[in-house]
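In our numbering, the protein residues as written are 218 to 670.
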């Protein structure tokens, strides 16, 4: 009976909702990849603009260090290390702005979705990241970039819980594994497309601002969602029932109340593992490749993003379907085990210049992609309709908060390991062990579906 209400909207309405949710998360994926590809060049450009170092001297010293120039003095080596450390520090700050912004946006816009409707909140989230991404084009200092990118990512974070809740409630249970796979692979397609664009157009300290206009272009999408996408009948029915019964709006704190606290905390852990695995571990492969290749191969970092996202598309497409076939918990455990093995091998036994490096990048992308077909299917099943968007948003976006803390701490690890990204990855990829343990305590929602209450 809970799924019958998905028939209260026309087939056209369901497809419009699916397209809107897909595009909202697709462009979020492009912004995610822009963060990985553009923020290090942006840090170099903005630090030079604010007088931290002179660009020509920075480029010259960096190139000589990369070539292991034996004529460098200790003072020059120390200066190069200091400047590179500042760049890496601001890159970490920009990444933290992305993650904290996404977390705050997921909570805030998820709450708006439960209160005012999934479609309206999704439109507002897209308009938010479009507006501030456009403003990021004009920043002139690293601090300005941190602030504007945080505001951009408020919208990015809000697109996931509302898109997932909208689709989960508007499609029948038999279609949900397939639809969850489609939504799950949306971000990876966006990542792949942005990485492919970066293979044609260089992203350098002199030319990175054009990437901000990609996010700004989604303003039109936000307007179209607001005008064309119907609201979830399940949400409307739950909202109407609450009003008729004289119930007040369900407070966000309910997901942390006695009834749901255990499942919320478990959901946070299950969502945190793949996000830390991506941002706190695998994503360091991109600046690692940029650092190793330098000006000799400025496209290597884009190839890393392309290989990882292409296989990630496949993994996320089939993640929901495989989970429906072999079980939610089994799929999560096996994905964690495989991702752990791939990451550990890549960081211990390869370097970005090795022939097999991109193979292991792709393998990690495949197995980590499975999570993002699993999450849209399984997180909504943990919560009733009245708090579904909030609950899914809390779980997914508290994962971003944990990841932001991890990324911030890896700034210290970078200094501790002397800028050795491989050693950082060896440590942070152990997060997959946590996932293997946590899933053992998760309820099996395979036969449950989406319950209204």
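All C-beta atoms, glycine included, are put in the ideal place defined by N, C-alpha and C.
Within the model, the alpha-carbon separation for residue 433 versus residue 348 is close to 6 Å. When rounded, the separation of the alpha-carbon atoms in residue 619 and residue 526 is 23 Å. Counting only residues of its own chain and dropping the five nearest sequence neighbours on each side, residue 353 has a CB closer than 7 Å to the CB of 362, 365, 366, 369, 429. Residue 273 counts as exposed, since fewer than 16 other beta carbons sit within 10 angstroms of its beta carbon. In this structure, the straight-line span from the alpha carbon of residue 239 to that of residue 343 is close to 12 Å. Apart from sequence neighbours up to five positions away, the residues of its chain that approach residue 557 with a beta-carbon distance below 8 Å are 646, 647, 649, 650, 653, ordered along the chain. DSSP, reduced to helix, strand and coil, places residue 507 within a helical segment of the structure shown. DSSP places residue 489 within a helical segment (H, G or I) once states are collapsed to three.
Between residue 501 and residue 408, the CB-CB gap reaches or exceeds 8 Å. Annotation for residue 376: 241, 242, 245, 339, 342, 343 place their beta carbon closer than 7 Å to its own, counting only its chain and skipping 5 residues before and after.
Annotation for residue 314: the continuous alpha helix (DSSP H) segment containing it runs 291-333. Inter-segment contact for the region 607-623 and the region 297-316 is present: three or more beta-carbon pairs are separated by less than 8 Å. By the criterion of a C-beta distance shorter than 6 Å, residue 518 is surrounded in its chain by 503, 506, 507, once the five residues flanking it on both sides are discounted. Taken through DSSP and simplified to helix, strand or coil, residue 357 comes out as coil. Counting every other CB atom within 10 Å of its CB across the protein chains shown gives residue 421 a total below 16, marking it as exposed. Annotation for residue 644: the continuous alpha helix (DSSP H) segment containing it runs 638-645.
Judged by DSSP secondary structure, residue 544 falls outside any alpha helix (DSSP H); it is assigned neither H nor E. Sequence-distant Cβ neighbours of residue 446 in its own chain, meaning closer than 7 Å and more than five residues away, are 233, 234, 237, 336. Beta-bridge analysis with DSSP links residue 421 to 424. In the three-state reduction of the DSSP assignment, residue 275 falls in the helix class, which pools H, G and I.
One thing to note: residue 481 has its Cβ within 8 Å of the Cβ of residue 611. About 4 Å separates the beta carbons of residue 537 and residue 594, which is inside the 8 Å limit, making them a contact pair. The continuous alpha helix (DSSP H) containing residue 254 extends over residues 228-266. At the C-beta level, residue 374 and residue 326 come within 8 Å of one another. Using a Cβ-Cβ distance cut-off of 8 Å, the region 295-302 and the region 408-419 are not in contact, since fewer than three pairs of beta carbons, one from each stretch, lie closer than that value. The shortest CA-to-CA distance from residue 351 to any of 581, 437, 566, 253 is the one to 437. The Cβ neighbour count for residue 605, taken over all protein chains shown within 10 Å, is at least 16; the residue is labelled buried. The three-state reading of DSSP puts residue 407 in helix, counting H, G and I together.
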